[in-house]
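Q: Here it is, the structure, as structure tokens.
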Amino acid sequence: MRCLAGLLFVALLGLSSAGFRFHESQWRRMNADVHLLPNYDALPYENKTFTQPIDHNNAALGTWEQHFQVMKEYLNKKADSNLVFLMIGGEGPASTSWISNPHLQYIQWAKEYGALCFQVEHRFFGKSRPYNNMTTESLKYLTTQQALADLANFIKSVNNDTSYGLKEPRWITFGGSYPGSLAAWFRSKYPELTVGSVASSAPLNLKLDFYEYTMVMQNTIQNVSQECYDVVNKTFIALQKSTLTTSGRNTLNDFFKKPPLSMSPLFADANVTMLQLTNFLGNIYDVFQGVIQYTYDGRNNVTVGGLNVSAMCDIMTSNKPKNDNNYIQGVVNVLKWNSDLGVNLGGGEPQTIVNDYEASIKPTKSVHYDDPNGDADGRGWMWLCCNELGFMQTTSQGYNIFQDIVPLGFYFQQCVDLFGKDINATYVRDNNRKAQKYYGGVDSFNATNLVLPNGSLDPWHALGFYKADKKNNLQPYLIGGTAHCSDMYPVYDGEPSALKDARKFVHDQLEIYTKIPKKKTGLASSATLSAAVIAIALLVERLL
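Using mature numbering (1 follows the signal peptide of the UniProt record, and there is no 0), the letters of the sequence shown map in sequence onto residues -18 to -1, 1 to 526.
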């Protein structure tokens, strides 16, 4: 969940980043990083556009061009009923790697099943711009319901487009992180248009105060070692305490005034505010978020090359800290390690820690897509969070090893500062409740032919859906020892052993989906047919 975290410090990993404390859109990071995977011979694809209404409920507002990609390499033209795989885009440009990398899991399955592949870019991201600006007025049409309607309109259009040569097309949607949520919601709201969906690391519980993120982080650290847990706890106590006094802030200046961890501006008593202090602590916390969320993932050379929680804990505990300065030195060592991996394996460059709240949010305040100093993608994602999704990763749940450094009010402040005084705490709370009610959360969500893989180490798995419904073939799957969207990436040497069984589980679901004829894709009919297909499969297994 492709949601924003620490400020520009994330750029130490060599990623494009800007927004603060909504934790950098996870799909966005995933999308930006997949090109860093080992070299591969790209599959041929085409870039195209499709005309969509600005508002699916009001055609009078006009239209815009949605960008998408199509990959026909594996399409089985001799099939009586063609399969179509749709990768749903998220809060960033639709990376061509996700349509052309033959090692990605869904592309490998497309080859196996002879499927045509599409990737559709999300409205208001990349080149898919309903309006040429991102003012708050324009962003009112950046909603999940409009995005789902875009997908429905696109599928219907392709079904009627004879140029693709499709016969009785049957669609399966894929998505990871926020697009995973879209894949699940699309299966729930438009069941007649697909035969099934794979929703990886999909948060379906639209929590406003997402304190569970921190709880999973600390549990993951404790599972590595109690020593690491204790050291991280004492480190963040020392950091927070240091921000509260002049001498403490001077000590922090000494630690963070030299590359590759240079901080600008340095702390000065005349300019210290609570926003600045929260901003600073959030930057440090963000690096721990990034390490744990992608621990053991095969998403790029950095994660495969050792960016994981075990290595982080080794660094935190190696100097056997005995006082506050020792603890702070440990976190400095982690930040340098994080930076070095990003530079050496990810092709990134060390960046300055932006130690000023206003400077930090300035890129996301820009309403212009092509502003060279702006962050249009970050602005769009933060609007989705403020307007519907929530996902505000606080550390205010009570005792935790990261302390009470990021309160819920800090997120509300950003919503106002970025989108105007009307997008205040009451607005955010009420809209979040409406979205939760509309999609059902985890208590009332309903769908058929849907598989929902989640990684047990991924902090986002806390918002996942885990109520299996065999009758409707609603299948959650928790992958032990893995993190965010781990099931979507190519296989790599040394990956968590649980991924093999997880991929087989998803593949078994695809076997069911691909046997469902086009005319049986409605909610009730698909559930009945799924049960029949499963029963037949079990009977065959017993006979064998």
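The beta-carbon is built from N, C-alpha and C at its ideal position, and this holds for glycine as well. Quick caveat, the model's predicted, so the values are computed rather than measured.
Leaving aside the five residues before and after GLU150 along the sequence, list all residues of the same chain whose C-beta is less than 6 Å from its C-beta, in chain order.
A: Hits under 6 Å: SER63, LYS500.
Q: Taking all protein chains shown into account, decide if PHE4 is buried (16 or more other Cβ within 10 angstroms of its Cβ) or exposed.
A: Only weak support exists for where PHE4 lies, its pLDDT of 47 falling under 50; the value from the coordinates is given anyway. Burial call: buried.
Q: Verify whether the separation of the beta carbon atoms of residue 535 and TYR95 is less than 8 Å.
A: With the chain covering only -18 through 526, there is no way to say anything about residue 535.
Q: Could you check whether the stretch 132 to 147 touches the stretch 73 to 88, counting it as contact only if at least three pairs of C-beta atoms, one from each stretch, sit closer than 8 Å?
A: With a cut-off of 8 Å, the stretch 73 to 88 and the stretch 132 to 147 do not count as touching, because too few Cβ pairs lie within range.
Q: Can we say the stretch 157 to 177 touches the stretch 202 to 216, given the rule of at least three CB pairs closer than 8 Å?
A: Taking 8 Å as the limit for Cβ pairs, the verdict is that the stretch 202 to 216 does not touch the stretch 157 to 177.
Q: Which partner residues does ARG152 have in the DSSP bridge list?
A: DSSP lists LEU65 as partners of ARG152.
Q: List the residues that DSSP assigns as beta-bridge partners of ILE461.
A: GLY437.
Q: Just mark TYR309 as buried or exposed, buried being the case when its beta carbon has 16 or more other beta carbons within 10 Å.
A: So TYR309 ends up on the buried side.
Q: Is ASN454 buried or exposed, if buried means 16 or more other CB atoms sit within 10 Å of its CB?
A: Buried: at least 16 other Cβ atoms inside 10 Å.
Q: Would you report the Cα separation of GLN258 and PHE394, rounded to the nearest angstrom?
A: Taking the straight line joining both Cα atoms gives about 15 Å.
Q: Looking at the secondary structure, which residues open and close the alpha helix (DSSP H) in which HIS489 lies?
A: Residues 480 to 495.
Q: Where does ASN114 land, buried or exposed, given buried means 16+ other C-beta within 10 angstroms?
A: By the 10 Å Cβ count, ASN114 comes out exposed.
Q: Starting from LYS93, follow the alpha helix (DSSP H) in both directions and report where the run begins and ends.
A: From DSSP, the alpha helix (DSSP H) with LYS93 extends over 87 to 95.
Q: Which residues does DSSP pair with PHE392 in a beta bridge?
A: Its beta-bridge partners do not exist; DSSP assigns none.
Q: Based on DSSP bridge pairs, tell me the residues matched to SER179.
A: Answer is THR155, LEU432, bridged to SER179.
Q: For VAL473 and TYR160, I'd like the C-alpha separation in whole angstroms.
A: The alpha-carbon atoms of VAL473 and TYR160 are separated by roughly 23 Å.
Q: Among TYR459, THR464, ASP251, which has the Cα closest to the Cα of PRO441?
A: When only C-alpha atoms are compared, the closest one is THR464.
Q: Between the alpha carbons of LEU289 and ASP279, how many angstroms are there, rounded?
A: Cα to Cα, the separation comes out at about 9 Å.
Q: Please tell me whether THR202 and VAL269 are closer than 8 Å, where the distance is taken between their beta carbons.
A: No, these two residues do not count as a Cβ contact at 8 Å.
Q: Would a C-beta distance cut-off of 8 Å place LEU188 and GLY372 closer than the cut-off?
A: Contact: yes.
Q: Among TRP167, ASN337, ASN315, PHE156, which one has its Cα closest to the Cα of ARG231?
A: It is ASN337.
Q: Between VAL286 and the rest of its own chain, which residues show a CB-CB distance below 7 Å, the 5 nearest in sequence each way excluded?
A: Same-chain partners within the cutoff: GLY280, TYR474.
Q: Closest to PRO483 by C-alpha separation, out of ILE494, LEU460, HIS466, would be which residue?
A: Inspection of the sequence shows that residue 483 is occupied by Asp rather than by Pro. That would be LEU460, whose Cα lies nearest to the Cα of ASP483.
Q: Please name the residue in ASN305, MET364, LEU445 whose C-alpha comes closest to that of THR117.
A: Measuring from the Cα of THR117, the nearest candidate turns out to be MET364.
Q: Would you list, in sequence order, the uninterrupted alpha helix (DSSP H) runs of no fewer than 4 residues that lie entirely inside the stretch 189 to 240?
A: Counting whole runs of 4 or more residues, the stretch 189 to 240 contains the alpha helix (DSSP H) stretches 194 to 206, 208 to 224, 228 to 237.
Q: Would DSSP call LEU456 helix, strand or coil?
A: The answer is strand: DSSP assigns LEU456 an E or B state.
Q: What does DSSP give as the partner residues of LEU98 in its beta bridges?
A: In the DSSP output, where bridge partners are listed per residue, LEU98 has VAL66.
Q: At the level of alpha carbons, what is the spacing between PRO345 and VAL398?
A: Rounded to whole angstroms, PRO345 to VAL398 spans 15 Å at the Cα level.
Q: Just the Cα atoms here: how many angstroms apart are HIS466 and THR255?
A: Cα to Cα, the separation comes out at about 34 Å.
Q: Beta carbon of ILE335, beta carbon of ASN283: below 8 Å?
A: No. Outside cutoff.
Q: CB VAL177 to CB ILE498, shorter than 8 Å?
A: Contact flag set, yes.
Q: Which residues in the same chain have their Cβ closer than 8 Å to the Cβ of ALA450, if we skip the five residues on either side of it in sequence?
A: Here the set comprises LEU456, GLN457, PRO458.
Q: Rounded to a whole number of angstroms, what is the C-alpha to C-alpha distance between ILE297 and PRO389?
A: Those two C-alpha atoms are separated by around 28 Å.
Q: Does the Cβ of THR31 have 16 or more other Cβ atoms within 10 Å, making it buried, or fewer, making it exposed?
A: THR31 comes out exposed.
Q: Give the range of the alpha helix (DSSP H) segment to which VAL52 is assigned.
A: Premise fails: VAL52 lies in the beta strand (DSSP E), 45 to 53, not in any alpha helix (DSSP H).
Q: Taking the alpha carbon of ILE383 as the reference point, which residue from ALA131, SER246, VAL198 has its own alpha carbon closest?
A: When only C-alpha atoms are compared, the closest one is VAL198.
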